[in-house]
Amino acid sequence: MMARLRSYAGFMVVPALSILLALLVASVLIIASGLIGEEKRLNLLLPLVAYRSLLVGAFGSFKGIANMIVAATPLMLTGLAVGVGLKAGLFNIGATGQVLLGGFAAALIGTQVAGAPIWIALPVAMLGGMLAGALAGFIPGFLKAFTGAHEVVTTIMLNALVQLTVSGLVNDVFRAPGFSFARTAPVGNAELTGVGNTTLHLGVLFALVCIPISYWLLWRTTVGFEIRAVGSNPTAARYAGMNPRRMIIFTMSLCGAFAGLGGAVEILRLGYYPAVFGTSIGFDGITVALLGRSNPVGILLAALLLGAMRAGAPLMQIQARVPVEIIDVIQGVILIFLAAEVVVRQIFRLRSAGTGTGELQTITRSYGEKVVG
Amino acid sequence: MSVAPSPPARLQMRGITKRFPGVVANNHIDLDVKAGEIHALLGENGAGKTTLMNVLFGLAHPDEGEILIDGNPVQIADPADAIARGIGMVHQHFMLIPVLTVAENILLGAETMANPIFLDRNEARRRIIELGKRFGFEIDPDARVETLSVGWQQRVEILKALYRQARILVLDEPTAVLTPQETVEVFAVFRRLAAEGHSLIFISHKLYEVLEIADRITVIRRGEVVGTRQPAQTNEDDLAELMVGRQVKLAVDRGKSHPAEPVLTVENLRVKSDRGQEVVRGVNFNVRAGEILGIAGVAGNGQDELVEAITGLRRSTGGAVHLAGENIAGWPVRQRREHGLGYVPGDRQKYGLVLGFPISDNLVLTQYYSSPFARGIQREDAAIEQWARKTIEEFDIRTPSWSVPAGTLSGGNQQKVIVAREFSRDLKALVLDQPTRGLDVGSIEFIHKQAIRKRDAGTGILLVSAELDEILELSDRIAVMYRGEIVALVDGPTANKEEIGLIMATGGRAPAKELPTGTSGPAAEPPDTSVRGGTS
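Heads up: the sequence lines are chains A and B, in that order. Residues 459 to 831 (the numbering used here) are what the first sequence spells out, left to right. Residues 5 to 540 (the numbering used here) are what the second sequence spells out, left to right.
1) Does the contact criterion of 3 or more C-beta pairs under 8 Å hold for the stretch 665-680 of chain A versus the stretch 534-544 of chain A?
2) Taking Cβ to Cβ, would you say A/A484 is nearer than 7 Å to A/I725?
3) If the cut-off is 8 Å on Cβ atoms, which residues from the stretch 404-420 of chain B count as contacting chain A, listed in chain order?
4) Mind listing which residues of the stretch 671-697 of chain A have their C-beta closer than 7 Å to chain B's C-betas, in chain order?
5) Where does A/G689 land, buried or exposed, given buried means 16+ other C-beta within 10 angstroms?
6) For chain A, is any of its Cβ atoms less than 7 Å away from the one on B/T370?
7) Please report the Cβ distance between B/A29 and B/K22, rounded to the nearest whole angstrom; I am assuming they are in contact, meaning their Cβ atoms lie under 8 Å.
8) Which residue wins for smallest C-alpha separation from A/V631, given the options A/N525, A/L512, A/G765, A/L566?
9) Applying a beta-carbon distance threshold of less than 8 Å, which residues of chain A neighbour B/I381?
10) Between the alpha carbons of B/G52 and B/N109, how many angstroms are there, rounded?
11) Please classify B/G259 as buried or exposed, where buried requires at least 16 neighbouring CB atoms within 10 angstroms.
12) What ranges does the beta strand (DSSP E) occupy inside the stretch 336-376 of chain B, keeping only unbroken runs of at least 3 residues that lie completely in it?
13) With DSSP run on the structure shown, which of helix, strand or coil describes B/T321?
14) Is the distance from the Cβ of B/G294 to the Cβ of B/L431 below 7 Å?
15) Decide yes or no for the touch test of the stretch 371-386 of chain B against the stretch 456-469 of chain B: beta carbon pairs closer than 8 Å, at least 3 of them.
16) Using a C-beta to C-beta distance shorter than 7 Å, which residues of chain A count as neighbours of B/Y355?
17) Can a CB atom of chain A be found closer than 7 Å to the CB of B/P376?
18) Indicate whether B/G69 and B/G19 have their beta-carbon atoms separated by less than 7 Å.
19) List the endpoints of the continuous alpha helix (DSSP H) containing B/M508.
20) Tell me the rounded alpha-carbon separation between B/A516 and B/I482.
21) Using the Cβ count rule (16 or more neighbours within 10 Å means buried), how would you classify B/A192?
22) As an exercise, report each continuous alpha helix (DSSP H) stretch of at least 4 residues that is fully enclosed by the stretch 737-800 of chain A, in chain order.
23) For B/R487, name the three-state secondary structure that DSSP assigns.
24) Kindly identify the DSSP beta-bridge partner or partners of B/D437.
25) Assuming B/P102 contacts B/V149 (C-beta within less than 8 Å), just tell me the rounded distance between them.
26) To the nearest angstrom, how far is it from the Cα of B/V435 to the Cα of B/G298?
27) Which full runs of the alpha helix (DSSP H) of 4+ residues lie inside the stretch 212-277 of chain B, going along the chain?
28) By the 10 Å Cβ neighbour count, where 16 or more other Cβ atoms means buried, how is A/A508 classified, buried or exposed?
29) Spell out the partners DSSP gives B/M117 in its beta bridges.
30) Among A/F520, A/E783, A/A634, A/V800, which residue has its Cα nearest to the Cα of A/T657?
31) CB-CB under 7 Å to A/F806, same chain, minus the five flanking residues each way: which ones, in chain order?
32) List the residues of chain A whose Cβ lies closer than 7 Å to the Cβ of B/Y373, in chain order.
33) Can you tell me the Cβ-Cβ gap for A/T554 and A/F741, rounded? I've got them flagged as a contact below 8 Å.
34) Over what stretch of residues does the beta strand (DSSP E) that includes B/G329 continue unbroken?
35) Start and end of the alpha helix (DSSP H) containing B/R425?
36) With B/N31 as the anchor, note down where its beta strand (DSSP E) starts and where it stops.
See below:
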């Protein structure tokens, strides 16, 4: 029991320290921002003021907590889109493209079923988003399995392709008349509206259900066993009679489905697809997955943390006059420390992790390695 | 070679103690090596040989004890320090960069400069050739390392140490990757080095090699020196007992085999290598239920590709593989397994195990999807755990728990996990590829016994091994593979080692020998060997 606890603690220690280090680094920037801001004076306590208002903004009111959960919802999904892929030895950088395609499909389907009852319109639009995302994941999966094309390269290409194609379509073919800017028609009953007078919506439930499902899939099923085996040692998986090609395609499609659902949630919350849909949830998924150690429960916690920062940032800007962009900085620095785990272990003189760092190897190993024989 | 009785010894390690959390890897170990001596360090995996050598090479720092070189106490801080003091290490896994030339590899880290910017390649080349000549092997400094055979790559490693003016050479299982012929050649190099006054520490667990090459043998067990012997005063049984701590049967009592009908028949099989060359060129043989067919051959004569084609990891380009009456060529791996084929792979860490997975998961790596380990797509963790507990007990896998990652086990125990998984099924045929490579005598004994047991239970076993001794010890019939063909098929128990060694090396067939009874299948015809010759 103690050993088990200790191993969990060991599991969380680097993410926790990475967050701490990122907050320290951001403190310097916050102090610097005070020097060039309106007051132009050196205030060493400014970081504390900023972090306090960040906390109050996220947790100080029911509305703040609701905002946190709503901000965390798509991050859970994109976190799974990256994290489940890492378990299979795949670095899915394509969550962005999968999010966009998923969102676009949800918007188009939503306009078609806008008049249908909500219990039909909403699931249909969400499912459409998932399937579109799955397609966007299937393509790089297929290419990797049968040609060896590295998923990092193909998904980056696909991100650009999806982004430009979709925005072209929204500007032209699917542009709804009667609006001053390019956007698709409203999704009507498929829209995710706030419940009561909060921002909480039904999409939260969809995301929350995906967490235990992923956990069950990875750890309690033979499919998950195959995913993890292919991720840890593809040659041994082949030797054991598994089919790494099929698993790679399946996992990439599954990841795409998660990301597509994330995109659907974001678009249906908005109610339409705008010509410029700039969202960072795809890339934020990488931070969430690494912070959560590719573990669905960890991903849930990491998504909530990032969601809290997003939800608390506006109050921080108002109270401490620290720009909200500092959140992006913190997030970026967390990611750097997580990826460079060795650095964190050096700083805090921790012993090396032993066998627990398979996900890191996936993102740091060189491109073009032949995985499938 | 006479050793001048001039104390002090070249190297003295006094009372070396090194503790790791939970274990004492070295417990007051004394070791002294004289100038011009080949000193063998013998011990099972995990006995503490590697730790001791890491201490010597500055990779680990002892908790107690001291190291003296030529009688002077020294502190060895790191490998650079060790090299500066004339200690050279030849690792079991070569530390060479394949795409660079011999000279470039040797220069790496010990650059001979013409001026502050450019290397003095000519001077380096000259020194390498000179060193090679002095120790009896002429090497081309401009050859790319990847084009060299394993035996020559090893010589590059040795040259690397000599180039850095090593006087104490640590050779970590140098023969593990060599063929018998290469071993003979490299032993000549070792003797030459010793004759020139170098001190060699020879790490091995091959008893007969140690007896052949060493001037003295120090045996380590569980971190302690349990004895030092001279080859003339000891023998393999004595050394094995020292090493393991109990009497070990080196030759398995294989009993008499009772072969029945052929279960695995290979017909005119053709297979291509990764580079697209046909490396299995029309192979025919059959394995009968209840016998062991050994495939002898120098590594790289198509055995790997043959095994992969039989087990389904590689597509064959022609011919057939019949398993219990059905042609399985073209079947996927899983279908072959379900039809009764077992396989212990040659590279256990690459193919046989998922090192990060618990032992229990590795024990069901090939059957995880079937009852009782799964119901539908749900894993039955309780059944898996129960199976793991039982199998660990039955196959004597030394581990604190069924849930620890397989990567934390010693090599012998890792192999036992694979053997346990493959042997504990009902099998028609079983392919054993290098089943005891790199293992200590205790584990070898265990695995050989299990193989005989499986044979007697009526499984047809195909044994592929680079260890001719292993082939001779276990096989009921022996096929010799040479350049992608079976060039000879002889009776196992009466086989002559020298004769087979000669066929392995030249492909030439010994005078026709009556094949053992019951070889109904298409036996190999002696190919025209007159045009071929020389070792590969």
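Cβ coordinates follow ideal geometry from the N, Cα and C atoms, glycine included.
On the basis of the supplied data:
1) yes
2) no
3) P409, G411, T412
4) R678, T679, T680, V681, F683, A687, S690, N691, T693, A694, R696, Y697
5) The residue in question, A/G689, is buried, as its Cβ has 16 or more Cβ neighbours within 10 Å.
6) So, interface residue.
7) 5 Å
8) With distances taken between CA atoms, A/V631 lies nearest to A/L566 out of A/N525, A/L512, A/G765, A/L566.
9) For B/I381, the C-beta contacts it makes with chain A under 8 Å involve T679, T680, V681, in order along the chain.
10) 30 Å
11) exposed
12) For the beta strand (DSSP E) assignment, the uninterrupted runs of no fewer than 3 residues enclosed by the stretch 336-376 of chain B are, from N- to C-terminal side, 345-348.
13) Strand, per DSSP.
14) no
15) By the Cβ criterion, the stretch 371-386 of chain B is not in contact with the stretch 456-469 of chain B, since fewer than three pairs of Cβ atoms, one from each stretch, lie closer than 8 Å.
16) Within 7 Å Cβ-Cβ: T693, A694, Y697.
17) no
18) Cβ distance < 7 Å, so B/G69 and B/G19 count as in contact.
19) 501-510
20) For B/A516, the predicted model reports a pLDDT of 43, less than 50, meaning its position is unreliable and no value from the coordinates is stated.
21) The residue is exposed, with fewer than 16 neighbouring Cβ atoms inside 10 Å.
22) 739-749, 754-778, 784-797
23) Under the three-state reduction of DSSP, B/R487 is assigned to coil, being neither helix nor strand.
24) B/V468
25) 5 Å
26) 10 Å
27) With a minimum length of 4 residues, the unbroken runs of alpha helix (DSSP H) contained wholly in the stretch 212-277 of chain B fall at 240-248.
28) buried
29) According to DSSP, which records beta bridges pairwise, B/M117 is partnered with B/L123.
30) A/F520
31) If we look at A/F806 and ignore the five residues flanking it on each side, its Cβ neighbours are L475.
32) T680
33) 6 Å
34) Per DSSP, B/G329 belongs to no beta strand (DSSP E) and is neither H nor E.
35) For B/R425, the enclosing alpha helix (DSSP H) starts and ends at 415-427.
36) Under the DSSP assignment, B/N31 falls in the beta strand (DSSP E) whose first and last residues are 27-37.
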